[in-house]
Every structure is written in structure tokens, then in C-alpha cells.
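Numbering (the working numbering), first residue to last: 565 to 1009.
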């Protein structure tokens, strides 16, 4: 393998993961070309109605911290210390994310984050950004990319190709067409739509220190705060329900019934609902992620997941950290680094995919129940009593870098121990009660 400063790396996709990856590889001394099909978002208005706000947490922050980007990224971010539940009567209930109440996930706009990362990539020696360039195919035999710049066609042959081109990845499709990988799509029955709660008299219309949730069983709405004091709301409804509301009257009537406290805060509800598209939700399973040590997939191109644990960007950023670590351990031998990266990351990607699906059920079905709230209080009490020894699933996912697969196993062990302990305590209590009652009974005879 060539020395880093002689090795040419092509990154297909200049989104969040691709731009961060360019920063990492440029710092290693590689010649990096990033090919992005969109216009430069720093000079064009972002596509509206398609981007769920990001919740940036420890895994993403760790990746940014390693290359001194965390301060610039976090400047416009807004911390959210817990969930604020809105029931159908408009009553509010707050659930802290951590036992201490001090830890927070951070609301940040996808566009703002992408622009900061593109600025950082562009400022990194050896990195070149190419916009309005569509990758039409990848050729494994020659390790080549077919590129389209308007009507002009071009073929480039880098040493390494990394597909960070998202859910509709052209690199992944070419590998699948060549029979080198298998791709399984797991579509969700729900779709999503973005709406807006604007600032009210120049201030936030709701508490900005929380992620707001309107859980309604089979559906929900969430809202995340923005620096301009607005909230970005996202509906997660069964697809048929989203498509059923087609008139201003039906939209307003439905929100008046299901989200009565939100309706007065949404003056552009009807316009937003009718104008903004319905987004599809799906989980993507890919195996393997790399071929021949010269091409690999990363981020959503390798493992698109549901957004219900706020880990899409965080897990993609963690991919970048792991690839960088593998290059360190293999002394920049990509033939060894890419298989090692896949071996380490793929099980964790499958784990967070399962966790995200499970968290959707929790958010829409469980968070509003008194039993769930009581269980959360017990969980936080255990975290305070056993610091470092007992960590809730949410704490491990959002506030540590414990591998996702390990999170699942540790959570299962903890739950088994708790159930066994509860059963033992229950049996002891029953035995004690029986003994007391027996003694009382004997005294009464």
C-alpha cells in the first residue's frame, strides 16, 4: 500500500459522515476527493421538509472532540435534558434523561452541522470538495467511479473508494449488482412529516430544555428546539393516516382532537402539512461492508436505521472513529484495515438498528404510562445508588461510547438480575408475611 500522501481516496457523498471522514483522512495525509451530487449547501438553501433534526450525543461528540471540532459544532446547539410528554388533555410530564438530571442530548440542525463539517474538510490540506457531481456507477475490477457533471462524463480511478452516499448509495448498488454484497431493506409501516412551531413573541413557545413528545399509541409527534426559538416538529404516523388528511378542515380537526395543546402554537400547520412531503422510514442491512480491501461503505450507506434513538449521525461518526483506529492499528494498510473495520462495526450497527426499533415502541406506546414512569424512577435511583455499576440502556447509548452490542448484553444482564432480585424480595416478603400471620393466628387461638 502506498504511503498516505501518495494514496488517493475518493469519498462518495459529502453529507455529515462523508465530510467528517474527509477531515480525518486529510489529517492522516491522504489525498482526498469528495464527490457530492448536491449543490454546495453553504451557498444554496437547504432542501425543505425532509430533514429530521439531529440529537447529537456522546458518540458524535467524541468523534468531533478528537479533531477539535466540538466547540464550533456545538455553538448553535441546544441542550435537552429530558423528555416532556404531552398527554391528550394537554398535561405535561417531564422525564430526565439521566439520574443526575445534568446530562443532555443536543438539538442541532442537520444543515448547520453539515456546513460546519464542510468548512472543516475544505480547510484540511489534501482535501478537495466537488459539488454537483453525481456518481453513476462503481467498477470493482478497476476500482473506478463513473461521474456525471451535468452533461459531462468522467471516470476516475482512485486507490480507495469509500461510499458515504446514504440510503440510496450508488456505490452500494454497484456492489450489489456485481453480486459482492447482499442488501436487505426492512421498511417501517410509519412515515414522517415535518412541521413547525414558530417563536412566540420572539421567545420559545415551549420549554426548550426538553425533547417534546406527544405519544399516542400507534403514532406520535416530537418537537426539537432551534436556535431561532422555533421548534421543528416531526409526525411519525402510519402511512395511511398521513395520506388520509387532505383538506384544511380535516387537518385542523385532527390536530384539535389529538394534539390540542400544540394546535394554537402552529399557525402554519395547514400550509406545512400540505406542502411538506412524507418521508419513508426503513432499516437497511448490508453484508459485507467492504470488498477486496479497496472499497467500503460507511454511515447510512452501510446501515441506515430508524431515527428513534437519535443515533443515526452519532453511529455514522463512530464509524469514522473506528476506521481511523483500524488504520492506526494496521499502519495504514487498507487491505487489512477495511476488513477489520467491518468486523468491528457491523455487529454494533445491527445492534443499534434493533435498539432504535425498540425505542420507537417505547416512545409512542410506553412513555405516557404510569408504570413506565415509575420504572424510570427506580432505574434512576439504582444509577444513583450504584454509580458506574448500573447504567440504564438510554444512559449507555446516549452518554457513553460503550459498543452498542455490549449495551444490549449489559442491559439484558441488568434486567435479569433485577427480575431475580425482585422475585427474591417478593418471595421473602411473602414468607415473612406468612410467618407473621401464622404467629398472629396461633396467638388468636
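We put the beta carbon where it would ideally sit given N, CA and C, even for glycine. Since the structure is predicted, the reported quantities are computational estimates derived from the model, not experimental observations.
Taking a C-beta distance under 8 Å as the contact criterion, residue 756 and residue 800 qualify as a contact pair. Following the DSSP letters along the chain, one finds residue 853 in no beta strand (DSSP E), marked with neither H nor E.
Nearest in C-alpha terms to residue 600, of all of 622, 594, 592 and 726, is 726. Residue environment for residue 748: exposed (fewer than 16 other C-beta atoms within 10 angstroms of its C-beta). Taken atom to atom, the span from the alpha-carbon of residue 711 to that of residue 721 is near 11 Å. Annotation note: the stretch 744 to 832 contains the following uninterrupted alpha helix (DSSP H) runs of length 4 or greater, listed N- to C-terminal: 803 to 808 and 812 to 822.
One alpha carbon belongs to residue 861, the other to residue 854, and they sit about 6 Å apart. Of the residues 786, 724 and 651, the one whose Cα lies closest to the Cα of residue 619 is 786. DSSP places residue 596 in no alpha helix (DSSP H) but in the uninterrupted beta strand (DSSP E) bounded by 595 to 599. Secondary structure at residue 657: strand, using DSSP grouped into helix, strand and coil. Apart from the 5 residues on each side of it in sequence, residue 694 sits with its Cβ closer than 6 Å to the Cβ of 599 in its chain, given in chain order. Annotated as proximal: residue 575 and residue 585, with beta-carbon spacing under 8 Å. In the structure shown, residue 894 adopts coil according to DSSP, grouped into three states. Using a Cβ distance threshold of 8 Å, residue 877 and residue 912 do not count as a contacting pair. Within 10 angstroms of the beta-carbon of residue 790 lie 16 or more other beta-carbons, which makes it buried. The beta-carbon separation of residue 659 and residue 644, rounded to 11 Å, does not stay under the 8 Å limit for a contact.
Cβ-Cβ separation between residue 870 and residue 921: approximately 6 Å, consistent with a contact (criterion under 8 Å). In the structure shown, the three-state DSSP call for residue 720 is strand. Pairing residue 910 with residue 863, the inter-Cα distance amounts to about 11 Å. For residue 759, same chain residues with a beta-carbon under 6 Å away, outside a window of 5 residues either side, are 797 and 836 in chain order. Per the coordinates, the alpha-carbon of residue 767 lies some 12 Å from the alpha-carbon of residue 829. Taking residue 628 as the centre and dropping the five residues before and after it, the same chain places the C-beta of 634 and 637 closer than 6 Å to its C-beta, in chain order.
DSSP places residue 688 outside both helix and strand once states are collapsed to three, so it counts as coil. Note that the C-beta distance between residue 669 and residue 661 is below 8 Å. Residue 670 sits in a strand when the DSSP states are folded into three classes. Excluding five sequence positions before and after residue 807, the CB atoms of its chain that fall closer than 8 Å to its own CB belong to 842, given in chain order. Between residue 581 and residue 781, the CB-CB gap reaches or exceeds 8 Å. Distance from the CA atom of residue 924 to the CA atom of residue 779, rounded to whole angstroms, is 10 Å. C-alpha of residue 675 to C-alpha of residue 579: approximately 9 Å in a straight line.
Beta bridge pairing from DSSP links residue 575 with 598 and 726. Residue range 698 to 703 is occupied by the beta strand (DSSP E) that includes residue 703. Within the same chain, 670 and 672 come within 6 Å of residue 641 by CB-CB distance, once the 5 residues on both sides are set aside.
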